[in-house]
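S.K.:
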Amino acid sequence: MNILVINAGSSSLKYQLLDPETGKLLAKGLCERIGIDGRLNHQVPGADKRVFDIPMPTHAEAIQSVIDALLSPEYGVISSVHEIDAVGHRVVHGAESFADSALITDEMLSVVEACNPLAPLHNPANIIGINACTAVLGKNVPQVAVFDTAFHQTMPPVAYLYALPYEFYEKDKVRRYGFHGTSHRYVSQRAAAMLGRPLEELKLITCHLGNGSSIAAVKYGKSVDTSMGFTPLAGVPMGTRCGDIDAGILEYLMNKYGYNIDEMLDILNKKSGVLGISQLSSDFRDLDTGIEQGNEKAALAKNVFMYSVKKYIGAYAAAMGGVDAVVFTAGVGENGPDLRETITDGLEFLGIKLDKEKNNCRGQEIDVSAADATVHTLVIPTNEELMIAMDTAAVVEGLKK
Numbered sequence: 313m314n315i316l317v318i319n320a321g322s323s324s325l326k327y328q329l330l331d332p333e334t335g336k337l338l339a340k341g342l343c344e345r346i347g348i349d350g351r352l353n354h355q356v357p358g359a360d361k362r363v364f365d366i367p368m369p370t371h372a373e374a375i376q377s378v379i380d381a382l383l384s385p386e387y388g389v390i391s392s393v394h395e396i397d398a399v400g401h402r403v404v405h406g407a408e409s410f411a412d413s414a415l416i417t418d419e420m421l422s423v424v425e426a427c428n429p430l431a432p433l434h435n436p437a438n439i440i441g442i443n444a445c446t447a448v449l450g451k452n453v454p455q456v457a458v459f460d461t462a463f464h465q466t467m468p469p470v471a472y473l474y475a476l477p478y479e480f481y482e483k484d485k486v487r488r489y490g491f492h493g494t495s496h497r498y499v500s501q502r503a504a505a506m507l508g509r510p511l512e513e514l515k516l517i518t519c520h521l522g523n524g525s526s527i528a529a530v531k532y533g534k535s536v537d538t539s540m541g542f543t544p545l546a547g548v549p550m551g552t553r554c555g556d557i558d559a560g561i562l563e564y565l566m567n568k569y570g571y572n573i574d575e576m577l578d579i580l581n582k583k584s585g586v587l588g589i590s591q592l593s594s595d596f597r598d599l600d601t602g603i604e605q606g607n608e609k610a611a612l613a614k615n616v617f618m619y620s621v622k623k624y625i626g627a628y629a630a631a632m633g634g635v636d637a638v639v640f641t642a643g644v645g646e647n648g649p650d651l652r653e654t655i656t657d658g659l660e661f662l663g664i665k666l667d668k669e670k671n672n673c674r675g676q677e678i679d680v681s682a683a684d685a686t687v688h689t690l691v692i693p694t695n696e697e698l699m700i701a702m703d704t705a706a707v708v709e710g711l712k713k
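So for the sequence shown, my numbering puts the first residue at 313; every next one is plus one.
Here it is, written out as structure tokens:
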């Protein structure tokens, strides 16, 4: 079965064509500058990347360019559009309506649209991508929505409720939702496979650390807590997002400098995090370069980030009554041996201890625990696209039963 995985943004569209049964990647690429002029970056494993300037006034033209690239006699990987068995879409927010991936229908899409106010930058773009696929491929090709929030719908009320007047939850659904659920679910499953134990027996802390970062407590295969909240702004400091702060700071700064709410949110989302502290960059690679050059603010920014991650690990170990493994994933988590070492340093009382030689690795699936550690520390490259493809295949196969 070939699954086309789509991750649509407001002016971009990422894609992969995958066989979910084998995990084989057939092709991947990116459509960018949609609505401006249009550019397609297309790559087949083992071949050079190809870049084409193609007019893309809307996402429909972007999807058509993807299909054309996949069918190309010169650089394509399929001979007929009928070889695309289904399309899996990343959809950021499903609120409380979706605890699992779901087949896309007109009725279902209207429910997703109702979630737009909860993710105004993401859900509308995701829906545009879905409609564009329908326009190009027709309604005979099944499409499935895989939600970032779905995995965290198993959180109990004590974890997802805010201490606000209860009517804000009842009437407005203000609660912790969490994000990166597809990644947390994927690495949890891989962790169980690496440890040779049933996921239903494990207590895991999964650390998705990248430009956007979140931590999850996964107890017996279910998410029971996570660091991101009502929006992806909460939790640990990130590339440009502030993470957890005292809400009173907003009133103080808005009154002092005359910011309106849009300006304040722009600061919290785009000018804060490690960028805000370092005044250098949101990219941890740039921070490391700055640290090597003696930049104290770069070092402080990275230390604030690592300290916050360490606190979440301790908190989630307490919440679950123990932990069997800590998982590091995503760009920073997979490729930061010094970061993993610093975060876990001092957690020996929990049984967490690294083997420095094993930990000197990047982007590979490996257990980096010391021989005398009682809690495993795992590095697992995430693969959200494969998870989306697997979910899509499962939903489509379920239709045949």
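Beta carbons are placed, not taken as given, at the ideal position from N, Cα and C, and that holds for glycine.
(1) Does DSSP put residue 484 in a helix, in a strand, or in coil?
(2) From which residue to which residue does the beta strand (DSSP E) around residue 655 run?
(3) Could you tell me the boundaries of the beta strand (DSSP E) in which residue 362 lies?
(4) Taking the alpha carbon of residue 559 as the point to measure from, which residue in 474, 342, 489 has its own alpha carbon closest?
(5) For residue 539 versus residue 624, is the C-beta spacing smaller than 9 Å?
(6) Just list the residues that DSSP pairs residue 331 with in beta bridges.
(7) In whole angstroms, give me the CA-to-CA distance for residue 449 and residue 586.
(8) Pick out whichever of 465, 342, 470 has its Cα sitting closest to the Cα of residue 371.
(9) Please list, in chain order, all residues of the same chain as residue 350 whose beta carbon is under 6 Å from its beta carbon, the five residues on each side excluded.
(10) Using three-state DSSP, classify residue 351 as helix, strand or coil.
(11) Whole angstroms are fine: how far does the CA of residue 398 sit from the CA of residue 668?
(12) Given this structure, state the Cα-to-Cα distance separating residue 435 from residue 497, to the nearest angstrom.
(13) Could you tell me whether the stretch 627–638 touches the stretch 652–667, where touching means 3 or more Cβ pairs closer than 8 Å?
(14) Assuming residue 319 is part of the beta strand (DSSP E), what are its boundary residues?
(15) Is it buried or exposed, residue 437, if we count other Cβ atoms within 10 angstroms and call 16 or more buried?
(16) Of the choices 674, 627, 618, 642, whose alpha-carbon is the least far from that of residue 651?
(17) Pick out whichever of 352, 672, 537, 411 has its Cα sitting closest to the Cα of residue 339.
(18) Checking the sheet assignment: what are the DSSP bridge partners for residue 535?
(19) Under DSSP, the alpha helix (DSSP H) around residue 402 begins and ends at which residues?
M.R.: According to the data block:
(1) As a position in the sequence shown, residue 484 is number 172, starting the count at 1. If DSSP states are grouped into helix, strand and coil, residue 484 belongs with the helices.
(2) If you number the sequence shown from 1, residue 655 lands on position 343. Here residue 655 belongs to no beta strand (DSSP E); instead the alpha helix (DSSP H) covers 649–656.
(3) As a first step, residue 362 is located in the sequence shown; it is residue number 50 there, counting from the start. Run containing residue 362: 362–365, per the beta strand (DSSP E) assignment.
(4) By 1-based counting over the sequence shown, the position of residue 559 is 247. It is 474 whose Cα lies nearest to the Cα of residue 559.
(5) Start at 1 with the first residue of the sequence shown, and residue 539 comes out as number 227. Start at 1 with the first residue of the sequence shown, and residue 624 comes out as number 312. For residue 539 and residue 624, yes; Cβs fall inside 9 Å.
(6) Translated into positions along the sequence shown, residue 331 becomes position 19. For residue 331, which the question treats as bridged, DSSP gives the partners 336.
(7) The sequence position of residue 449 within the sequence shown is 137, counting from 1. The sequence position of residue 586 within the sequence shown is 274, counting from 1. Rounded to whole angstroms, residue 449 to residue 586 spans 42 Å at the Cα level.
(8) Here residue 371 corresponds to residue number 59 of the sequence shown, with the count starting at 1. When C-alpha distances from residue 371 are compared across 465, 342, 470, the shortest belongs to 342.
(9) As a position in the sequence shown, residue 350 is number 38, starting the count at 1. Here the set comprises 366, 367, 368.
(10) If you number the sequence shown from 1, residue 351 lands on position 39. Residue state, collapsed to three classes: strand.
(11) Counted from its first residue, the sequence shown places residue 668 at position 356. Counted from its first residue, the sequence shown places residue 398 at position 86. Their Cα atoms are separated by approximately 44 Å.
(12) Numbered from 1 along the sequence shown, position 123 holds the residue referred to as residue 435. Numbered from 1 along the sequence shown, position 185 holds the residue referred to as residue 497. Approximately 21 Å, taken between the alpha carbons.
(13) yes
(14) For the purposes of this step, residue 319 is taken as the residue at position 7 of the sequence shown. Taken as a continuous stretch (DSSP letters only), the beta strand (DSSP E) holding residue 319 covers 315–320.
(15) Locating residue 437 in the sequence shown gives position 125, counting from the first residue. Under this definition residue 437 is a buried residue.
(16) Looking up residue 651 in the sequence shown gives position 339. Answer by Cα proximity: 618.
(17) On the sequence shown, residue 339 is found 27 positions in, with the first residue counted as 1. Among 352, 672, 537, 411, the Cα nearest to that of residue 339 belongs to 352.
(18) Here the question's residue 535 lines up with position 223 in the sequence shown. Residue 535 pairs with 530.
(19) Your numbering for residue 402 matches position 90 in the sequence shown. Taken as a continuous stretch (DSSP letters only), residue 402 belongs to no alpha helix (DSSP H), being part of the beta strand (DSSP E) at 398–403.
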